[in-house]
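J.: Encoded as structure tokens, here's the structure I'll be asking about.
There are 2 protein chains.
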Amino acid sequence: MPRDTSRRDEVAQAATDYVLEHGLVGLSLRPLAAELGTSDRMLLYHFASKDDLVATVLRVSNDRSVAEIRALPASIDVRAAVLDLWAAMNTPRLARCQRMYVEAAALGLFGREPYASVVREANEIWIGAVADHLVASGTPRERSRRAVALLDAALMGFQLDLPLDAGDPVLEQAVRDLADAVVAIATHAG
Amino acid sequence: MPRDTSRRDEVAQAATDYVLEHGLVGLSLRPLAAELGTSDRMLLYHFASKDDLVATVLRVSNDRSVAEIRALPASIDVRAAVLDLWAAMNTPRLARCQRMYVEAAALGLFGREPYASVVREANEIWIGAVADHLVASGTPRERSRRAVALLDAALMGFQLDLPLDAGDPVLEQAVRDLADAVVAIATHAG
DNA sequence: CGGCTACTGTAGCACTTGCTACAGTCATCA
DNA sequence: TGATGACTGTAGCAAGTGCTACAGTAGCCG
Chain A
0 MPRDTSRRDE VAQAATDYVL EHGLVGLSLR PLAAELGTSD RMLLYHFASK DDLVATVLRV
60 SNDRSVAEIR ALPASIDVRA AVLDLWAAMN TPRLARCQRM YVEAAALGLF GREPYASVVR
120 EANEIWIGAV ADHLVASGTP RERSRRAVAL LDAALMGFQL DLPLDAGDPV LEQAVRDLAD
180 AVVAIATHAG
Chain B
0 MPRDTSRRDE VAQAATDYVL EHGLVGLSLR PLAAELGTSD RMLLYHFASK DDLVATVLRV
60 SNDRSVAEIR ALPASIDVRA AVLDLWAAMN TPRLARCQRM YVEAAALGLF GREPYASVVR
120 EANEIWIGAV ADHLVASGTP RERSRRAVAL LDAALMGFQL DLPLDAGDPV LEQAVRDLAD
180 AVVAIATHAG
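Quick mapping for you: the protein sequence lines, in order, are chains A and B.
Note that numbering that gives the first Met the number 0 numbers the first sequence so that position 19 is 18, with each residue one more than the last.
Note that numbering that gives the first Met the number 0 numbers the second sequence so that position 19 is 18, with each residue one more than the last.
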């Protein structure tokens, strides 16, 4: 075992870049190692197993996503917050993270580990960041949890359909409709 | 090649049942064949390749989903339509199909074939069925496309989160909020 | 009968998988 | 100096992958 983890962290970052590009499914140690200029042998030196590596990659990716959301300046109102979040999620960097998250979540649907556990944990952190952005943009704190439930689900759904109809005006309209819905939740009594 | 496809169809149905249970990722011909009481050799007799089998399974599953939606009696209004659709999708039979659809869509996100193509085609048919149900339940036809865009995305998103918080009251509230949003799209000018 | 077609079992190929045993190198530190 | 610990290359294992070649069997039709 390495006593300090700096090398391991470097590898984790590079591996995350690779996986964000190629996906989790069919991920294989040898091609990954080749791209990183190392060997499968070394990956399994730094990480206890492939699952350990995958779990690490998932966490690194989620950390990046959350950092990106938290770095967002507060939007001028709730409606703008939804649109700004959507815009942020279409940044290539964040879009890749979301795409991999969706893949991991889908794998978790069938109870596969380590996906299920890590996704559960990552989702909580992500939800918290999105909720905080809504609050910072004018959503009453006590309504933020409810608002983010619909918001997050719809955003995930959009991501799933995104490559099927990229830039589709129907999709853009749906985002505006979602913004209206979130505003309604955040402002009306219910 | 078989001249009539009846045997192939039987196998396709049985294979679909198996895949709905075990998932697409990591699907392997030998275990599947064993469960069906046959051999990998025979699967590749009936289907040109594993990809051909997978594409067939995807289509069979989608056909089942769509049939289930189309068999739904018209709801009393748009709001009820959303709630009824949500209830239908939580039927074990349909929930399984949706789960696998989400898995296939996630695989398609990375451009993997045959997932990407079949998912695109399946999605269109599914969207059509949901839109028709909305129309039958009082949505003006010209607003149905717009309504279904948000509705479908949110429903997919809920499916993704479902195992993470099954029966969660927050989720139930989100479904009601979604229903309100769809009603708004279906009735208000926009 | 003889041929044709649908179907099936056996065996195996070439390849990839995660993972490990073993033997080393090299810098640091007592 | 010599030992310790971090790190790395080579080689290989056992298992599993999709797929195929080959050799059938059984039933139908002329």
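Beta carbons: idealized from backbone N, C-alpha and C, even for Gly.
Just to confirm before moving on: does the CB-CB distance between B:A79 and B:R142 stay below 8 Å?
T.: The residue you call residue 79 of chain B lines up with position 80 of the second sequence. The residue you call residue 142 of chain B lines up with position 143 of the second sequence. For B:A79 and B:R142, no; Cβs fall outside 8 Å.
J.: Counting C-beta neighbours from all protein chains within 10 Å, is the total for B:T15 16 or more, i.e. buried, or is it exposed?
T.: Residue numbering aside, residue 15 of chain B sits at position 16 when the second sequence is read from its first letter. Buried is the call here.
J.: From this set, B:M41, B:V24, B:Y114 and B:P30, which residue's C-alpha is nearest B:E9's C-alpha?
T.: Your numbering for residue 9 of chain B matches position 10 in the second sequence. Taking only the C-alpha atoms, the option nearest B:E9 is B:M41.
J.: DSSP state of B:N61, grouped into three classes?
T.: Residue 61 of chain B sits at position 62 when you count from the first residue of the second sequence. Correct three-state label for B:N61: helix.
J.: Please work out which residues of its chain come closer than 6 Å, Cβ to Cβ, to B:N61, disregarding the five sequence neighbours upstream and downstream, and give them in chain order.
T.: Locating residue 61 of chain B in the second sequence gives position 62, counting from the first residue. Hits under 6 Å: A121.
J.: So which of A:L84, A:G127, A:A173 and A:T55 has the shortest CA-CA distance to A:A103?
T.: Your numbering for residue 103 of chain A matches position 104 in the first sequence. It is A:T55.
J.: Whole angstroms are fine: how far does the CA of B:F46 sit from the CA of B:M0?
T.: Start at 1 with the first residue of the second sequence, and residue 0 of chain B comes out as number 1. Start at 1 with the first residue of the second sequence, and residue 46 of chain B comes out as number 47. Since pLDDT at B:M0 reaches only 43, below the 50 mark, its modelled position is unreliable, and no value is offered.
J.: Using beta carbons (cut-off 8 Å, strictly below), is B:M0 in contact with chain A?
T.: Against the second sequence, residue 0 of chain B aligns to sequence position 1. Residue confidence is low: B:M0 scores 43 on pLDDT, short of 50, so the model does not pin down where it sits. Its coordinate-derived value is still stated next. B:M0 does not count as touching chain A.
J.: May I ask you to list, following chain order, the residues of the segment 76-103 of chain A that have a beta carbon less than 7 Å from some beta carbon of chain B?
T.: R98, V101 and E102
J.: Applying the 10 Å Cβ sphere with the 16-neighbour rule, what's the burial state of B:D167?
T.: Walking along the second sequence from the start, residue 167 of chain B turns up at place 168. Its Cβ having fewer than 16 others within 10 Å, B:D167 is exposed.
J.: Measure the alpha-carbon distance for B:A178 versus B:A115 and round it to whole angstroms.
T.: Counted from its first residue, the second sequence places residue 178 of chain B at position 179. Counted from its first residue, the second sequence places residue 115 of chain B at position 116. Taking the straight line from one Cα to the other gives about 29 Å.
J.: Taking the C-alpha atoms as reference points, what is the distance between A:A148 and A:L57?
T.: Translated into the one-based positions of the first sequence, residue 148 of chain A becomes position 149. Translated into the one-based positions of the first sequence, residue 57 of chain A becomes position 58. Each residue's Cα considered, the two are about 22 Å apart.
J.: Could you confirm whether any beta carbon from chain A is found closer than 8 Å to the beta carbon of B:V65?
T.: Against the second sequence, residue 65 of chain B aligns to sequence position 66. It does not: the Cβ of B:V65 has no partner Cβ on chain A nearer than 8 Å.
J.: Kindly indicate the opening and closing residues of the alpha helix (DSSP H) around B:P168.
T.: Residue mapping note: residue 168 of chain B aligns to position 169 of the second sequence, counting from 1. Residues P168 to T186.
J.: I need the boundaries of the alpha helix (DSSP H) containing A:N122, first residue and last residue.
T.: On the first sequence, residue 122 of chain A is found 123 positions in, with the first residue counted as 1. Run containing A:N122: Y114 to A135, per the alpha helix (DSSP H) assignment.
J.: Which residues in the same chain as A:L35 place their Cβ atom closer than 6 Å to its Cβ, once the five residues preceding and following it in sequence are excluded?
T.: Here residue 35 of chain A refers to the residue found at position 36 when the first sequence is read from its first residue. Correct list, in chain order: A13.
J.: Going by Cα to Cα distance, which pick from A:R175, A:C96 and A:S38 is closest to A:D83?
T.: Here residue 83 of chain A is taken as the residue at index 84 of the first sequence, counted from 1. Measuring from the Cα of A:D83, the nearest candidate turns out to be A:R175.
J.: Which chain A residues sit within Cβ distance under 7 Å of B:G22?
T.: Looking up residue 22 of chain B in the second sequence gives position 23. The contacting residues are F109.
J.: Once you ignore the five residues that flank B:G107 on each side, which residues in its own chain have a CB closer than 7 Å to its CB?
T.: In the second sequence, the residue the question calls residue 107 of chain B occupies position 108. Cβ within range, chain order: Y114, A115 and V118.
J.: For a quick check, are the C-beta atoms of A:M99 and A:V24 less than 8 Å apart?
T.: If you number the first sequence from 1, residue 99 of chain A lands on position 100. If you number the first sequence from 1, residue 24 of chain A lands on position 25. A distance of 8 Å or more separates the beta carbons of A:M99 and A:V24.
J.: Tell me which same chain residues have a C-beta within less than 7 Å of the C-beta of A:T138, skipping the five on either side of it?
T.: Taking the first residue of the first sequence as position 1, residue 138 of chain A is located at position 139. For A:T138, where only same-chain residues beyond five positions count, the Cβ hits under 7 Å are V77, A146 and A185.
J.: Is the CB of A:V169 under 8 Å away from at least one CB in chain B?
T.: To locate residue 169 of chain A, count along the first sequence from 1; it is residue 170. It does: the Cβ of A:V169 has a partner Cβ on chain B nearer than 8 Å.
J.: So, helix, strand or coil for B:A146, using DSSP?
T.: If you number the second sequence from 1, residue 146 of chain B lands on position 147. In this structure, B:A146 counts as helix in the three-state DSSP scheme.
J.: Taking the straight line between their C-alpha atoms, what separation do you get for A:R7 and A:A105?
T.: Looking up residue 7 of chain A in the first sequence gives position 8. Looking up residue 105 of chain A in the first sequence gives position 106. A:R7 and A:A105: Cα-Cα distance of roughly 27 Å.
J.: How many whole angstroms separate the CB atoms of A:I68 and A:H132, which I take to be in contact at a CB cut-off of 8 Å?
T.: Counting from 1 along the first sequence, the entry for residue 68 of chain A is found at position 69. Counting from 1 along the first sequence, the entry for residue 132 of chain A is found at position 133. Contact flag correct, Cβ pair sits at about 6 Å.
J.: Please classify A:G22 as buried or exposed, where buried requires at least 16 other C-beta atoms within 10 Å of its C-beta.
T.: To locate residue 22 of chain A, count along the first sequence from 1; it is residue 23. With 16 or more Cβ atoms within 10 Å of its Cβ, A:G22 is classed as buried.
J.: If we call anything under 8 Å between Cβ atoms a contact, is B:S207 one with B:L93?
T.: No answer is possible for residue 207 of chain B: the residues shown for chain B start at 0 and end at 189.
J.: Given that a residue counts as buried once 16 or more other Cβ atoms are within 10 Å of its Cβ, and exposed if not, what is A:A86?
T.: Residue numbering aside, residue 86 of chain A sits at position 87 when the first sequence is read from its first letter. For A:A86, the number of other beta carbons within 10 angstroms of its own is below 16, and it is reported as exposed.
J.: Name the residue from B:V101, B:G110, B:R111 and B:D51 whose alpha carbon lies nearest to the alpha carbon of A:F109.
T.: Along the first sequence, one-based indexing puts residue 109 of chain A at 110. It is B:V101.
J.: Can you tell me which of B:A128, B:A11 and B:A173 puts its alpha carbon nearest to the alpha carbon of B:L71?
T.: Within the second sequence, residue 71 of chain B is the residue found at index 72, counting from 1. Comparing Cα positions, the closest option is B:A128.
J.: Per DSSP, what kind of secondary structure is B:V24 in: helix, strand or coil?
T.: Translated into positions along the second sequence, residue 24 of chain B becomes position 25. Coil at B:V24, not helix or strand.
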